[in-house]
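In what follows, a single structure is set out as structure tokens and then discussed.
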Amino acid sequence: MSARRPVHTEATATAALETFGGAAFEVSRAAPAGAPPPTALVFASPHSGDVYPEDMTSAARLPVATLRASEDAFVDRIVAGTPALGAALIRARFARSYIDLNREPWEMDPAMFDGDLPEYAHGRTARVAAGLGAIPRVASEGRPIYARKLTFPEAKARVELAHRPYHDALDRQLAAARAAHGAAILIDWHSMPAAAARGQRAKGGGPCDIVLGDRFGAACSPKLTAMVERALEAMDYRVVRNAPYAGGYTTEHYGRPAKRTHALQIEINRALYMDETTREPTEGLARLTADAEALTRALAELDVAELR
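Per my numbering, residue 1093 is the first one in the sequence shown, and the count goes up by one each step.
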């Protein structure tokens, strides 16, 4: 069993300090800055942030209480103990409806903006069409978020404030894992509404509990996906692969097995650990937290040289 280690946490402070009095994200490491990481594991929670800066709320038509339905609530708490087991952890503090860190940074809907977007913006993607670009157009049940059009300088400021530094920090953690262990294993942690889980039947029937997204085998070694699937099924979770979530920008962008980075997205059914109406955690949160730690221990003991 992996021993618990001291955790070294840094709140990455950018201009966000002036914006809302805190950092845009936090990085918790299992080793001091500059020291090699003890394992190849890098965990990320990009959608658990719950901070809504004033520049967003002043332009929004929806109240924060409605916007919060888009959060991957409590996911950061589920994995909070994993740095003590050897995994670096990066977690967002900004809400995903302010800036979605699991999107390409310039994936933006031209219809949201006053004036033209620059040529490097990507306005014709499936996610943009659904209203879910880097700056989402819609929130709960497809309702428009904003009462006015935004300007591109506003969007660029969000990218520079949070998206770029978050991914710079994530890239550094992956590079450190590769340097120390020959490969990196990135687990991108998310949660899904119970309604989405009910739409996907697991083996043996019933709604799925967990979806593993590996971009249909392109983002990581099949051995990694299979190992995580077996471990979760042994914990009595109903697991499916790549439907309805195959992995977002993070999994697609970093998942390069040939370049020694394996990325896997884990989506957890929110009904397992929270009341989606009251947004209160249930007793299932403690079980999931313990099981996430058990999975971390198993991953920490994995021989990355076998991931081909």
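C-beta: ideal position from N, C-alpha, C; glycine also. Note that the structure is a prediction, hence the values are computed from the model and not measured.
N-terminal and C-terminal residue of the alpha helix (DSSP H) that residue i is part of
i	result
G1034	With the chain represented from 1093 up to 1400, any question about residue 1034 goes unanswered, as that position is not in the structure.
R1333	It is not in any alpha helix (DSSP H) - R1333 instead sits in the beta strand (DSSP E) that spans V1331 to R1333.
V1089	As shown, the chain starts at 1093 and ends at 1400. That puts residue 1089 outside it, with no answer to give.
L1177	Run containing L1177: none; DSSP gives neither H nor E here.
V1167	V1167 to I1170
L1154	Note, L1154: premise wrong, no alpha helix (DSSP H); not H, not E.
T1342	Y1341 to Y1346
Same chain only: Cβ atoms within 8 Å of residue i, ignoring 5 sequence neighbours per side
i	result
A1382	none
Beta-bridge partners of residue i, as assigned by DSSP
i	result
G1215	Partner(s): none; G1215 has no beta bridge.
V1143	F1186
H1354	I1277
A1247	A1247 is not bridged to any residue.
Y1238	A1152
D1367	E1372
I1360	S1283 and I1302
Cut-off 6 Å between Cβ atoms - residues of its own chain near residue i, not counting five sequence neighbours on either side
i	result
R1097	A1122 and A1176
V1331	I1302, E1321, L1324 and E1325
A1384	I1170 and V1171
R1352	R1270 and A1275
Continuous beta strand (DSSP E) stretch holding residue i: start and end
i	result
R1121	F1117 to R1121
L1133	L1133 to S1137
Cβ-Cβ distance between residue i and residue j below 9 Å
i	j	result
A1226	W1198	yes
Y1202	A1116	With the sequence shown as reference, residue 1202 is identified as Pro, and Tyr is not the correct amino acid for it. In this structure, A1116 does not lie closer than 9 Å to P1202 by Cβ.
G1141	A1172	no
V1220	L1181	no
E1359	A1311	no
R1362	N1334	no
F1166	L1209	no
L1193	H1255	yes
heavy atom of the ligand FAD below 8 Å from residue i C-beta
i	result
E1196	Among the components modelled here there is no ligand, and therefore nothing to report on the ligand FAD.
Neighbourhood of residue i by C-beta distance below 7 Å, restricted to the same chain and skipping five residues each side
i	result
R1400	S1313
P1285	R1362 and E1368
Where are the alpha helix (DSSP H) runs, 4 residues long or more, that stay fully inside the region 1271-1321, in chain order? Runs of the alpha helix (DSSP H) inside the region 1271-1321: 1286-1290.
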